[in-house]
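Student: Following this message is one structure expressed as structure tokens.
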Amino acid sequence: DVVHARSRAPAWSAWMGARLARVPFVTTFHGIYNARSPLKRFYNSIMAKGDVVIANSEFTREHILSHYAVDPEKVTAIPRGADLEIFDPAKVSQADAQAMRGAWHVAAHESRCVVIAPARLTRWKGQLVLIEAVRLIEQRRPGTLKVIIAGDAQGRVSYLQELQAAIDGAGLREVVALVGHVDTMAAAFAASDVAVFPVTEAEAFGRGAVEAQAMGVPVIASNLGGFTETVVDGETGLLVAPGVAPALAAALEHLIDLGEPGRREMGDRARQRARRLYATSALQSATLAVYRRLLEGASPKPRAAAQAF
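For the sequence shown, position 107 (counting from the first letter as 1) is numbered 93 according to my numbering, and the numbering increases by one without interruption.
Take a look at the structure:
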């Protein structure tokens, strides 16, 4: 009854099939695609041909409207969700959280603020910016942080070596740890006090920040892209200038100074908002509502991501 394409290559044949079958065609932009060449822009353009075009954030929606010839009435924002059956503090045992800390060589009753930076190891994810921010903090107030950089290098051996060299060169071997890929991110967030996403380029959505907040962990993120929608500055986390280590250091120090009670309060606000706006079930309901309106012959009106449910 409805054809829904979620990536570009199959979207071309799906679009033709939908037109031949005379059924509605829906697309979803999961990111802001590279459009540096005319050929690439043409390849991407199929995603703007939907009878309804779903964007994974308001940031992505604005990108679509500014880069493609599409009726704004056809573009609606439905954010990506977090699986709240997994990312629920009540579903992670204290033993699992402590086991994760043990794997990181963090004491069960660690006095330092434990910060996790979960992302694949690539330069634009900002791991080097984080290392420099931690160096600045350690100069001013040593012994206040333990930082876990969690992510797969995905074959980027030289970058992994660069990160380790930066850690060693700053004298942070006992402060910053590269722990590789983590399978159980819910337990990793439960073992952390703060989650950091110091990207230097915009992410269309940034699901990791939503998952961290769903676990009741306050977030520090770059003031870019989808983070400006998923993180409420000063309420559920902090937004900082991208690529500016002193700004990131100041945000980290602010959360250190809040202490455990203050971070818990911020994390509680983050958890409540994440559960209200980003539950996978709500995303599914919003998408089904798009289908229903198309089948009933009405084009959905564009809505802000936070109002999509």
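All C-beta atoms, glycine included, are put in the ideal place defined by N, C-alpha and C.
1) Tell me, to the nearest whole angstrom, how far the beta carbon of residue 205 is from that of residue 186; I am working on the premise that it is less than 8 Å.
2) From the DSSP secondary-structure annotation, give me the bridge partner or partners of residue 183.
3) Going by DSSP, which residues form a beta bridge with residue 104?
4) What is the DSSP secondary structure of residue 72, counted as helix, strand or coil?
5) So, using beta-carbon positions, are residue 10 and residue -12 closer together than 9 Å?
6) Measuring straight from C-alpha to C-alpha, what distance separates residue 294 and residue 74?
7) Name the residue from 202, 135 and 214 whose alpha carbon lies nearest to the alpha carbon of residue 246.
8) In this structure, what does DSSP give as the bridge partners for residue 82?
9) What number of angstroms, rounded off, separates the C-alpha of residue -8 from the C-alpha of residue 130?
10) What's the gap between the Cα of residue 18 and the Cα of residue 95?
11) Report the residue from 178, 177, 214 and 176 whose alpha carbon sits nearest the alpha carbon of residue 193.
12) For residue 265 versus residue 68, is the C-beta distance shorter than 9 Å?
13) What residues are listed by DSSP as bridge partners for residue 166?
14) Cα separation between residue -10 and residue 52?
15) So, under 8 Å CB-CB, residue 164 and residue 114 are touching, yes? Tell me the CB distance rounded to an integer number of Å.
16) Thinking just about the alpha-carbon of each residue, which of 217, 195, 63 and 141 is nearest to the one in residue 268?
17) Measuring straight from C-alpha to C-alpha, what distance separates residue 120 and residue 91?
18) May I ask you to list the residues that DSSP assigns as paired with residue -10?
19) Residues bridged to residue 219 by DSSP?
20) To which residues of the same chain is residue 233 closer than 7 Å at the C-beta, ignoring the five residues directly before and after it?
21) Mind the definition here: the region 170 to 188 touches the region 141 to 160 only if three or more C-beta pairs lie below 8 Å; say whether that holds.
22) Starting from residue 130, trace the beta strand (DSSP E) both ways and give me its first and last residue.
23) Just to confirm my understanding: we take residue 7, look at its own chain, exclude 5 residues before and 5 after, and list those with CB closer than 7 Å. What are they?
24) Which residue from 0, 2 and 20 puts its Cα closest to that of residue 188?
25) Excluding the five sequence neighbours on either side, which residues of its own chain have a C-beta within less than 8 Å of the C-beta of residue 93, listed in chain order?
26) When burial is assigned at 16 or more other CB atoms within 10 Å of the CB, is residue 44 buried or exposed?
27) Would you mind giving the Cβ-Cβ distance between residue 78 and residue 172, rounded to the nearest angstrom? I have them listed as a contact below 8 Å.
28) Could you tell me the boundaries of the alpha helix (DSSP H) in which residue 50 lies?
29) Determine the extent of the beta strand (DSSP E) in which residue 56 is found, giving its start and end residues.
30) For residue 276, which three-state DSSP category applies?
31) Just the C-alpha distance for residue 140 and residue 169, rounded to the nearest angstrom, thanks.
32) Given residue 142, which residues of its chain have a CB within under 7 Å of its CB, disregarding the five upstream and five downstream residues?
33) What is the residue span of the beta strand (DSSP E) that residue 242 lies within?
Tutor: Per the coordinate set shown:
1) Between residue 186 and residue 205 the Cβ distance is about 17 Å, and since that is not below 8 Å, they are no contact.
2) In the DSSP output, where bridge partners are listed per residue, residue 183 has 207.
3) DSSP lists 136 as the beta-bridge partner residues of residue 104.
4) Coil, per DSSP.
5) Yes, they are a contact pair.
6) Interpretation of residue 294 is limited by its pLDDT of 41, a score under 50 that renders its predicted location unreliable; no figure is taken from the coordinates.
7) For the residues 202, 135 and 214, the minimum Cα distance to residue 246 belongs to 202.
8) Bridge partners of residue 82: none, in fact.
9) Their backbone Cα atoms lie some 44 Å apart in a straight line.
10) Residue 18 and residue 95 have their alpha carbons spaced roughly 42 Å apart.
11) Of the residues 178, 177, 214 and 176, the one whose Cα lies closest to the Cα of residue 193 is 214.
12) For the pair residue 265 and residue 68, the CB atoms are nearer than the 9 Å cut-off.
13) In the DSSP output, where bridge partners are listed per residue, residue 166 has 136.
14) In a straight line, the C-alpha of residue -10 is about 23 Å away from that of residue 52.
15) 12 Å between Cβ atoms; not a contact.
16) Of the candidates 217, 195, 63 and 141, the one whose C-alpha sits nearest the C-alpha of residue 268 is 63.
17) Approximately 18 Å between the Cα atoms of the pair.
18) Its beta-bridge partners are 12.
19) 223, per the DSSP bridge assignment.
20) Within the same chain, residue 233 has close Cβ partners 226 and 227.
21) Counting Cβ pairs under 8 Å, fewer than three are found: no touch.
22) Unbroken run through residue 130: none, as it is neither H nor E.
23) So no residue of the chain qualifies.
24) Out of 0, 2 and 20, 20 has the C-alpha closest to the C-alpha of residue 188.
25) Only 87 meet the Cβ criterion.
26) By the C-beta density criterion, residue 44 is buried, having at least 16 other C-beta atoms within 10 angstroms.
27) Indeed they touch by this definition, with Cβ atoms about 5 Å apart.
28) First-last of the alpha helix (DSSP H) with residue 50: 44 to 53.
29) It is not in any beta strand (DSSP E) - residue 56 carries neither H nor E in the DSSP assignment.
30) If DSSP states are grouped into helix, strand and coil, residue 276 belongs with the helices.
31) The alpha-carbon atoms of residue 140 and residue 169 are separated by roughly 15 Å.
32) Cβ within range, chain order: 107 and 108.
33) Note, residue 242: premise wrong, no beta strand (DSSP E); alpha helix (DSSP H) at 231 to 263.
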